Amino acid sequence: MARHNANSDRWLALGLLFIKLSVLYLLLVHPWFTRPMLSVQQQIQVLLDRELRIKAQLQQGPNLAEQLRRIQVLLRSRPGFLPESSVELASAGLVKRLEGVVNDASPGNRSCAIINRSPLQPDMHDRFVRVAVQVRLRCGTPELALVLYSLESGSPRLFVNNLNVMAQRYPLSPNESGHGLDVAFELAGFLSPGGDHVSSSLPQRSSNAN
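Convert by adding 69 to the 1-based position in the sequence shown; the result is the number in my numbering.
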């Protein structure tokens, strides 16, 4: 019986000692050593993960640069955008395109002539810069149809907006006797993205064709 009590006391003492050691660990060791070490390990793991992500991004750098270069080349080669690099050059290009189309439709301007063409302020609020020219023509009906078709079906892509057609009762020239049309519209195109499109305000000047 005495031995049984001694064993019980021994186990009880060991249990109390374990409890005391656990309390001391929680009060002294864990806050001052274990918790900081766990925090340091977490920080180290975060840094290692970040380093792996950075290395992966650096490895993808050459591929991304090559893809960007291909996209830029593709955008520059697309016929939908105006080839010029600035608003002023694009406006001049629109006028030149218009003059060429009108001359092809009516050589010598016998049945179609440019009365007025003046650059409009560019629209830079959207993703692509819109360049436009206000145009006024006097054309016969077949010539007008050919001019509009040539402008909108060619390359680069141009747009005819705000078309206004009125009949006129006098000839276009002394050599032309048929009835013609007084036509007004906006001829517009878009600059390719990524270019240096900053320019001064375009003067609102009209160019009259005699």
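Each residue gets a CB set at the ideal place from its N, CA and C atoms; glycine is no exception. As the structure is a computational prediction, the values presented were derived from the model and not from experiment.
Would you call residue 249 buried or exposed, if buried means 16 or more other Cβ atoms sit within 10 Å of its Cβ?
Its Cβ being crowded by 16 or more others within 10 Å, residue 249 is buried.
Inter-residue Cα distance where the pair is residue 252 and residue 206
So the two alpha carbons sit approximately 5 Å from each other.
In three-state DSSP terms, what is residue 114?
Secondary structure at residue 114: helix, using DSSP grouped into helix, strand and coil.
To the nearest whole angstrom, what separates the beta carbons of residue 200 and residue 254, a pair I think is in contact under 8 Å?
Between residue 254 and residue 200 the Cβ distance is about 15 Å, and since that is not below 8 Å, they are no contact.
Measure the C-alpha to C-alpha separation of residue 84 and residue 124 and round it to an integer number of angstroms.
Residue 84 and residue 124 have their alpha carbons spaced roughly 53 Å apart.
Pull up the DSSP beta-bridge partners for residue 235, would you.
For residue 235, which the question treats as bridged, DSSP gives the partners 251.
8 Å contact criterion, which residue 256 and residue 216 should meet: CB distance rounded:
The beta-carbon separation of residue 256 and residue 216, rounded to 10 Å, does not stay under the 8 Å limit for a contact.
State the CB to CB distance for the pair residue 259 and residue 198, rounded to an integer number of angstroms; the pair is presumed to be in contact (CB under 8 Å).
At roughly 7 Å, the Cβ-Cβ gap stays under 8 Å, so residue 259 and residue 198 are in contact.
Three-state secondary structure (DSSP) at residue 136?
Helix, per DSSP.
Supposed close pair residue 281, residue 261 - CB separation, criterion 8 Å:
In this structure the chain extends from 70 to 279, so residue 281 is not present and cannot be described.
List the endpoints of the continuous beta strand (DSSP E) containing residue 188.
The continuous beta strand (DSSP E) containing residue 188 extends over residues 181-188.
Using CA atoms only, rank isn't needed, just tell me which of 158, 232, 156, 181 is closest to residue 168.
Ranked by Cα distance from residue 168, the options 158, 232, 156, 181 are led by 181.
Name the residue from 174, 110, 161, 234 whose alpha carbon lies nearest to the alpha carbon of residue 188.
Cα-wise, what sits closest to residue 188 is 161.
Short Cβ contact (8 Å threshold) for residue 170 with residue 219
Yes, the Cβ-Cβ distance between residue 170 and residue 219 is below 8 Å.
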